[in-house]
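Structure first, commentary second.
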Amino acid sequence: MKSPSATREFTEKDWLKVIPRPLHAWLVPIAILALWQAAGGFGWISATLLPTPLTIAKQFASLGASGELWEHFRISILRALSGFLLGGLTGLALGVSTGLGKMAERTLDPSLQMLRTVPLLSLIPLFILWFGIGEFSKILMISLGAFFPMYVNTFLGIRNVDTKLYEVSRIFQYSKPQLLIRLIVPAALPNILLGIRLSLGVSWLVLVVAEMMGTSAGIGYMIQDARAYSQTDIVFVGIIIFAIVGKLSDSVVRLLESRLLSWRETYKGFF
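For any residue, its number in our numbering is found by taking its place in the sequence shown, counting from 1, and adding 1.
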């Protein structure tokens, strides 16, 4: 006969096996949505301040059917990707340069680190004065936000390459391009991919601010316009759009990590 402790150990280890593994991440959101809907249905929360999930879903469907939501979404995606590519590629290039060259580090890194500490939102008035409120200023602001996570992580990735690998490269007599492509970039790839994830997240964050400072289209503008007319359900639609797209972009990079870094053994947790 099994002891109570053995039975308890079995249930603690295996209770999640009843639920398919892909659904584990949905347990908490589904529970929150169910409680939220119940609280709204019983009138415990104000429908004006916090609409129920069903009300938000109906507004989502209505905006999608009219085509208004997709037009805002298309413009926001274009802005975010343009800024991310501009800032991310620039951060990658400068991160590689300062990581490889001591002279580049001494001349460029102090200035870049000083600029990194300046709050990005404090630059908004300056951007408006210099570039106006057109598309260029918004993309430039997003690119500035995406630049520093990419730069810092690329620099750290290159500087954290094991020196023993350099000694091995001398045995194979690698040229400088071969050293960069076959040794340095693969070894720094975990940090570079982390920089991409962080840069994408910052791009979406800055996009919201950029679209609220003066524009006539975009998800951020839609949220700002809905706030002015107290349309809380539309505000939630915009927030959900940002959350979904942010999660999807992060999942794509994580999938890329699992493919490119399949050779690396990492801690995956015990419990």
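Note that the Cβ used here is the ideal one computed from N, Cα and C, for glycine as well.
Please confirm whether L87 and I140 have their CB atoms less than 8 angstroms apart.
yes
Inside the segment 31-66 only - beta strand (DSSP E) runs reaching at least 3 residues: none
### Message
Please give me, in chain order, every unbroken run of the alpha helix (DSSP H) with length at least 4 that falls completely inside the segment 142-213.
### Response
164-172 and 186-213
*Expressed to the nearest angstrom, what Euclidean distance is found between the alpha-carbon atoms of S217 and A81?*
16 angstroms
Compare the beta carbon distance of M223 and I235 with 8 angstroms and say whether it is the shorter of the two.
yes
Hey, is the segment 103-122 in contact with the segment 164-178, meaning 3+ C-beta pairs nearer than 8 angstroms?
no
Subject >> Rounded C-alpha distance that separates G41 from K59 >> reply: 15 angstroms
- prompt: Can you name the start and end residues of the alpha helix (DSSP H) that G84 belongs to?
  reply: E69 to L101
Query - A66 versus G215: straight-line alpha-carbon distance, rounded - result: 26 angstroms
If you reduce the DSSP assignment to three classes, tell me which class M250 lands in. As written in the sequence, residue 250 is Ser, which differs from the Met given in the question. S250: helix per DSSP, three-state reduction.
Item to complete: Please state if the CB of I143 and the CB of S211 are separated by a distance shorter than 8 angstroms.
Response: First, the amino acid is wrong: residue 211 is Ala here, not Ser. Going by C-beta atoms, A211 is nearer than 8 angstroms to I143.
### Query
Hey, out of S250, P126 and G221, whose CA is closest to E72's CA?
G221
Go to A229, then tell me how far its alpha helix (DSSP H) extends in each direction, as first and last residue.
I220 to A229
message = Spatial neighbours of D163 within its chain, please: C-beta separation below 8 angstroms, excluding the five flanking residues on both sides.
response = A188
* Please classify V119: does DSSP put it in a helix, a strand, or coil? => coil
_Using a Cβ-Cβ cutoff of less than 6 angstroms, which residues in the same chain neighbour R117 once the five nearest sequence positions on both sides are dropped?_
F149
How is L257 classed by DSSP in three states: helix, strand or coil? helix
Self-check item: Contact under 8 angstroms by Cβ, N154 with L121
Solution: no
### Query
By Cβ distance, which residues of its chain are closer than 8 angstroms to K175, with the 5 residues on each side in sequence left out?
It should be pointed out that residue 175 corresponds to Tyr in this sequence rather than to Lys. So the qualifying residues of the chain are R183 and L184.
Exercise for review: Grab me the residues of L50's own chain with a C-beta within less than 7 angstroms of its C-beta, minus the 5 sequence neighbours each way, in chain order.
Suggested key: T233
Inset, instruction - Evaluate S6 with the Cβ neighbour count: other Cβ atoms within 10 Å of its Cβ, from every protein chain shown; 16 or more gives buried, anything less gives exposed. - result: Any reading at S6 is ruled out, since the residue's pLDDT is 49, under 50, leaving its predicted position unreliable.
Query raised in the report: S231 to N192, Cα distance in whole Å?
Result: 43 angstroms
Is L262 helix, strand or coil when you go by DSSP?
coil
Top-ranked residue by Cα proximity to S259, from M151, L190, D226 and G239:
L190
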